[in-house]
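Data block below; observations after.
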Amino acid sequence: MTRTTVIIGGGVAGMTAASRLADLGEQVILLEREEQVGGHLRNWDRLFPNRRPGYEVLNYLTEELGSKVDIRCLQTVTTIFSGERDFQLQLASGKSLRCDALLLATGFDLFDARRKEEYGYAIYDNVITSAELEELFRSGAPITTRQGKVPKRVGFVHCVGSRDEKAGNLYCSKVCCVTGVKQAIEIKELFPEAEVFGFYMDLRMFDRHFEEMYYEAQQKWDINFLRGRVSECAENQDQSIVLKIEDTLTSRPLKMTVDLLVLLVGFVPSPETLRLAAMLDLPVGEDRFLEPADEHTKSTLTVKPGVFLAGAVKGPFSISNAIADAGTAALQIHAYLKTL
Amino acid sequence: MKEFGYTVHKERLIDYDRNDKRVLNHLKKHEPSVLTCIACGSCTATCSAGQLVDFNIRLVQTLLRRGEIEPLKKEVRKCMLCGKCILICPRGVNMRNLILAIQTAIDKLQ
Amino acid sequence: MIIEGKKRLWQEYQKEIADDRYFYVRSCVRQNFFPASEKVFLRILKEELGKDVYENAAHTTCSGIGYHSDVVPFETAMTVIARQFSLMTESGYEHFVTSCITSFGLYSEVLETWKHFPDVLQKVRGYLKEATGRTFELPKNVAHASDVIFRFRNEIASRGTHRLVNHLTGKPLRVVEHIGCHYSKMFPSKGVGGAEYPYVLVGMIEDWGGEVIDYPERRHCCGFGFRQYIVRANRGYSIANSKKKFESMKPYQPDFILTNCPGCPMFFDRWQYALSEMEGVTYGQNGEGIPVLTYEELSGLILGYDPWDLGLQVHQVPVEPLLDKLGIPYDPETKFAGKDGQDLGRPDAPTHMKFF
Amino acid sequence: MISFNLFVLPFSFGLIYLLYMIIRWWTKWIRALPPEDRARFRKGIFSRQFFSGLKEVFLESLVHRKMFRRNALLGFMHMSFALGWFLLILAGNIESRIYSTSHVNPPYYPIFLKFFIHDRTVLWFEINTVPGFFRFLMDFLLLFILSGLILAMIKRGRSRWFGMTRTTHSQLTDRVALVCLWLIFPVRLLAESFTDGYYGAGGGFATQHLGNLFAVLFRESSQHIAYALWWLYSLALGIFFVTLPFSRYWHIPTEVLLIFFRRFGIPPKRIASSFSQVEIGACSRCGVCIDVCQLGSAARIHDIQAVYFLRSVRDEQVSRDITLRCLVCGRCQETCPVGINIDLIRLIERYNFSGSHASDFTYLPEPAPRKAQVAYFAGCMTHLTPSIIRAMKGILQEAGIDYHFLDEEGSVCCGRPMMLSGKHEQAGELIRFNRELILQSGADTLVTSCPICFRVFREEYNLPVRILHHTQYLLELIKSGKVPLQTVFRKVAYHDPCDLGRGSNEYRAPRELLAKVAELVEVPEEKEDALCCGGSLGIYTISSRKRDLITSDALDKLTSSGPEVLVTACPLCKKTFSRLAGIEVLDVAEMVYGAIPE
């Protein structure tokens, strides 16, 4: 008899897990809410730390999927019924699916920068998010202020929506630091004369080649890193942004004007994940990400047999870590299916 | 001018836009290692002069980057140039030339 | 500036404001600073809008000025406030309106405290009972007086004789609005429009035809800061704060500053004079200062009240240039005449600021 | 009747100009001496020192003794030019007296003698006659010089044969002077030969034969060719003389003055002075300093070596960055054939660049040390190598010495690093503090673990106590039997720290100590030729990456014979080497401490 696995979410983790499971001879159905698979990876111009084009990884994952996986796009799961040893999924399209194992790879949402009211995102002309900047890079559109000027000074605000009780998120989103450093370098590549500032509390260069990239940003690109969290922004008459920060290294308040301010927005759990978790009675952490069965040893399993987790449903993940995690999840699912 | 018994308080704020970056630009050219400081403070911790007086050699680098020339002038005078900091620095910042080059740059401005 | 962004935020910070039967408590200091403001508020509510506003003669300070100056303990402040509520309860009112921003902040703080710590409320009930024998109900609605004017801004506009338009050029007047820190910085949800982009004064200005200036130091404190002002040696710190704001707003060439706090208009007005005397600087056009108004004064002007009845002659920054722009007639001869028509004497003219 | 022809003018003008420049500069330099040095100079001229000075001028400026010691081929090349030319002038003058008609000959007369005199009475082989002897001698000397010229040409392409890897990059004036210098002697040979051949007599063994050949080849036109050559000869000489004061060859007259300055006991100064100017002028730009400079050989920095530095100082084009880019290791000074105080001139220029910023050391406390017979001063750097301090404490305790650890709670810098920046006045404030500290300790022996401190204690502190580096002191303790030692069977290579070796001339003590406890292996460059570890405090404008290149290169050489341990006697060297060494790096004190039996 054929055993079926349904993967909800066709991002990096979902795609990888689907390929791995298919390689292991499992029958896989990959459900994706959007028109195409790829998730957030589709929005990246170049990836940290080596600044290779994002489409390279996307193409690789897509080619790997090939035709061995049943991919169904524009699908939303409305209800999940947990059976004795299987699951019944009701889709918004009216169809229903049965499966033996279920992998949640529904990923994350980006923090809504409007919630940090004091930064004036969506109010001041020249405050944008890192995702918007990445999109500008990707589209090749000229990067200017809203007034069409070449920016002479660009600021990157780290930890927007992360490590911030006021934003409701105590956790670190991990990848924003390195994203900020990457984008700062890319701004300098475009505008060598521009002054680029990173406003940070800690720079968490946690993975391989990250710290070297930070060093390069300082040494080769003359990017300034100023330690302190931006407290508030205001708009000048010429629509440049005045920001206030404590320069914690001199213990004095500091004020400066930037032409363009980029907010490095962090991860938040997607409402979709939480909705599915509620249907499956899965435990949710204080940070509102899903809890695996064991943080160290069963990180892709849940307390509910047959339900597995991969990638950013469990918190902030980099692409490479999500791919590795999804591979682990595939092996765990394969092992589980064998016991049925 | 009337006397009211008080004067307008001077701001402690670092006004980055107004500050003078010429010394910094001189240093970027003549001692580019200044760019790589990560403000770890190990230089200050080992500093010979810093054991005896409120001298923070890490702050020299920071003040320079902020364009705070007046306090910078006072700070650099306290250095003995003993060189311990260079041996400690994890990023290869050449502090001794930093001190001397700041003095040269300030001289040039005046 | 993306105005839709602000509007979206304003939508999120809607506040319920009672529409009648107000129990009004005064500010300790405003009658000295801007003597007609509270009177004008009552006049507008009663005469123009026909509302029921009640003042109890036994009401006192909220003790906020002492609380923020670290001389009154929180328990004392809560008990004083409990007494105010008991006066409201005894008078049969449920909608509490304060004239003072600091009071408003303190009432909000106390009510939030009682909400989260009901045992504290019980204790305070005990203190009040023990001290005065009184009991009280919590108000159904607490509003700042500017909230009330905000609520009826369109009614005022429709009854008004003037709009915030330069009657010579036809262009909207450019207005700096300044919200007292204690209005919404502590509890953003208690203020109309929240803490970062409060709407309470903006709404008045916009609906009365003016144009709001959003300048970099808008959020900054006026410089009152209780302890900073009260100790003379610290006044240099207070005035430096005001100066920072003036310098930031000056390039926008504001026609006047609108405020909703007892302290802010006081310091914007007096410190402009002090700065002009100390440093020879003025922040308005042609050696003038920037006139500073309370929202009650502005409402009175919109409604066509006589400027000298609004107490504008006691402002240290002359308001005549603004009255000229608004096209409001005034009699320079009666500026310093008392109610009985007797001359009260003219103050010395400032050295640098243009005086009328 | 005085012999004259127009072509003598370029030479005569050049000579007059050169003499004017020499007199002008010598006068200027001597006059600028401070009064006490001027007195020394006056006294010196009338003393035996004058003659020993002349001897030194002969040995060094003409024979180039030091060059010979370095490389025979290089020495011969220099000698053939200097001594050969000198003798040619001398012999030419004597020869010209034979044919002289007046008591005073114009200077050009002996130089162009063959143009004016065509003596047919004596033939080239009659060398037993006086004129015949001189003809032989003059030809011989000319060929002697030409042999040097051929070597100089070979050196351009094959500098390694002369013991040099890199040679000096020359300036325009240097190249003009060089071309003239190289032209002078071949042209003279040709001019004389053509003349002698045309007249059929008057030449020596070389010129006459060559002339006869030319006469056959060119017949009547050889007279015109000869005349043109005499013009060329005069021009070459004239241009050489005029460019000489602006070229490297200015060292010829300047070095003579320097030799007398030294002989007369005029001391070098800490600030720019006549002495330093004469030293700068005396640099012949021979370039032997280039190869020894580790900044060039290991770190590929090729514009700061002593020869270029001194040149840029002389041309008043020296930059701050170049002045501060020098290890001040002393290797170039050690090898300089002229013996120029290169390090001192470096510091003088640093002083000139040090600007108006006074230091503020008002924070220095009142020194209040405990009294003891022996005072131990670890030094700043030693505090970063606590194992050296532990070893010293252990040994001193073992030996039962009553000592006071002067800087146990942290050092006030000894002042040498500040001096190395040229700020010797500000270093003085630090020196005053530490000097007071040492004096108040009442010690009669001062021991330090840091060669940097050691050097400045000896040179600048003027202390009435014995100043010892810890290697010297430990050797004393061991010799007196206070510290028992056993041999540790380890192969060790010893690295001479710059300030202990070249700087303080102590090569023996650390080696003797090591010989007692371990097996010393050969290292290629040691003692006076020892390499700098790369950690030098003398250098200011260098990246850490370039420093690492120097350190790695030195390590390669120091460990070439496979030691188990690299031993040094300086905390800075130890710290510098430890980072990159593949083997253990220890201080001599640690080796000694480790050899004390349990």
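Residue numbers (my numbering), protein chains in the order written: chain A, 1 to 340; chain B, 341 to 450; chain C, 451 to 806; chain D, 807 to 1404.
Glycine included, C-beta positions come from ideal geometry on N, C-alpha and C.
Owing to the predicted nature of the structure, the values given are computational and were not obtained by experimental measurement.
Original post:
Counting Cβ pairs closer than 8 Å, one from the segment 1311-1325 of chain D and one from the segment 1358-1365 of chain D, do we hit at least three?
Top reply: no
**OP:** Drop a sphere of 10 angstroms on the beta-carbon of Asp1002 (chain D), count the other beta-carbons inside from all chains shown, and report buried for 16 or more, exposed for fewer.
**Re:** buried
Original post:
Who are the Cβ neighbours of Leu889 (chain D) in its own chain at under 7 Å, not counting the five residues just before and after it?
Top reply: Leu868 and Val869
**OP:** Give the DSSP-derived three-state secondary structure of Ile128 (chain A) in the structure shown.
**Re:** Strand, per DSSP.
Original post:
Is the CB of Gly686 (chain C) under 8 Å away from at least one CB in chain B?
Top reply: yes
**OP:** If I'm right that Met435 (chain B) touches Cys1219 (chain D) with Cβ under 8 Å, what's the distance once you round it to whole angstroms?
**Re:** With a Cβ gap of about 13 Å, Met435 (chain B) and Cys1219 (chain D) do not count as contacting.
Original post:
Pick from C:Ser608, C:Arg669 and C:Gly610: whose alpha carbon is nearest that of Ile629 (chain C)?
Top reply: C:Arg669
Subject >> Inter-residue Cα distance where the pair is Trp967 (chain D) and His884 (chain D) >> reply: 14 Å
Subject >> Selection of the segment 400-423 of chain B by Cβ proximity to chain D, strictly under 9 Å >> reply: Lys413, Lys414, Val416, Arg417, Lys418, Cys419, Met420, Leu421, Cys422 and Gly423
**OP:** Below 8 Å CB to CB, which residues in the same chain sit around Lys304 (chain A) once its five sequence neighbours on both sides are set aside?
**Re:** Ser82, Leu280, Asp281 and Leu282
Original post:
Residue range of the beta strand (DSSP E) that His628 (chain C) falls in?
Top reply: Arg624 to His628
Original post:
What residues in the segment 688-712 of chain C bring their beta carbon closer than 9 Å to a beta carbon of chain A?
Top reply: Ser698, Pro701 and Tyr702
Original post:
If we call anything under 8 Å between Cβ atoms a contact, is Leu449 (chain B) one with Arg358 (chain B)?
Top reply: no
**OP:** For the alpha helix (DSSP H) containing Ala878 (chain D), list its first residue and its last residue.
**Re:** Ala878 to Ile904
Subject >> Three-way DSSP call (helix, strand, coil) for His870 (chain D) in this model >> reply: coil
**OP:** Starting from the beta carbon of Lys456 (chain C), find every residue of chain A whose beta carbon is closer than 7 Å, and list them in chain order.
**Re:** For Lys456 (chain C), the chain A residues whose C-beta falls within less than 7 Å of its own C-beta are Ile123, listed in chain order.
Subject >> Of the residues C:Ser749, C:Glu462, C:Lys456 and C:Leu772, the one placed nearest Arg609 (chain C), counting alpha carbons only >> reply: C:Ser749
Original post:
Roughly how many angstroms separate the alpha carbons of Glu26 (chain A) and Leu337 (chain A), rounded to a whole number?
Top reply: 9 Å
Original post:
Taking Lys255 (chain A) as the reference, which of A:Ala234, A:Leu290 and A:Val262 has the closest Cα?
Top reply: With distances taken between CA atoms, Lys255 (chain A) lies nearest to A:Ala234 out of A:Ala234, A:Leu290 and A:Val262.
Original post:
Leaving out the 5 sequence neighbours to the left and right, which residues in its chain are closer than 6 Å to Arg138 (chain A) when beta-carbon positions are compared?
Top reply: Asp45
**OP:** Note down the Cα distance separating Thr273 (chain A) from Ser639 (chain C), rounded to an integer number of angstroms.
**Re:** 29 Å
Original post:
Going by the CB atoms, is the gap between Thr145 (chain A) and Asn169 (chain A) shorter than 8 Å?
Top reply: no
**OP:** With 7 Å as the C-beta to C-beta threshold (strictly closer), list the residues of the segment 215-234 of chain A near chain B in chain order.
**Re:** Tyr215, Gln218, Gln219, Asp222, Asn224 and Arg227
Original post:
CB-CB under 8 Å to Gly1216 (chain D), same chain, minus the five flanking residues each way: which ones, in chain order?
Top reply: His1189
**OP:** Going by CA-CA distance only, name the one from D:Ala1164, D:Thr935, D:Leu1038 and D:Gly1006 that's closest to Val985 (chain D).
**Re:** It is D:Leu1038.
Original post:
I think Gly642 (chain C) touches Asp597 (chain C), with their Cβ atoms under 8 Å apart; what is that distance to the nearest whole Å?
Top reply: The question names Gly, but residue 642 (chain C) is Val in the sequence shown. Confirmed, Cβ separation roughly 6 Å.
Subject >> Whole beta strand (DSSP E) elements within the segment 1234-1275 of chain D, 3-residue minimum >> reply: 1251-1254 and 1272-1275
Subject >> Top-ranked residue by Cα proximity to Leu375 (chain B), from B:Ile428, B:Arg398, B:Glu410 and B:Gly345 >> reply: B:Arg398
**OP:** Under 8 Å between beta-carbons, which chain D residues line up against Gly381 (chain B)? List them in chain order, please.
**Re:** Residues of chain D passing the Cβ test: none, with the nearest at roughly 16 Å.
Subject >> Beta bridge counterpart(s) of Met803 (chain C) as assigned by DSSP >> reply: Paired residue(s): none; Met803 (chain C) is not in a bridge.
Subject >> Three-pair Cβ contact test at 8 Å for the segment 1284-1291 of chain D versus the segment 1200-1211 of chain D >> reply: yes
Original post:
Do we get a CB-CB distance below 8 Å when we pair Arg352 (chain B) with the residues of chain A?
Top reply: yes
**OP:** Name, going along the chain, the residues of the segment 723-748 of chain C whose beta-carbon falls closer than 8 Å to a beta-carbon of chain B.
**Re:** Ala724, Leu725, Glu727, Met728, Glu729 and Gly730
Original post:
Can you list, in chain order, the residues of its chain whose CB lies under 6 Å from that of Tyr633 (chain C), leaving out five sequence neighbours each side?
Top reply: Ile551 and Gly641
Original post:
Lys1380 (chain D) touches chain B at which residues, Cβ-Cβ below 7 Å?
Top reply: The contacting residues do not exist; Lys1380 (chain D) stays about 11 Å from chain B at best.
Subject >> Residues from the segment 629-653 of chain C in contact with chain A, defined by Cβ distance under 8 Å >> reply: Gly644, Ala645, Glu646 and Tyr647
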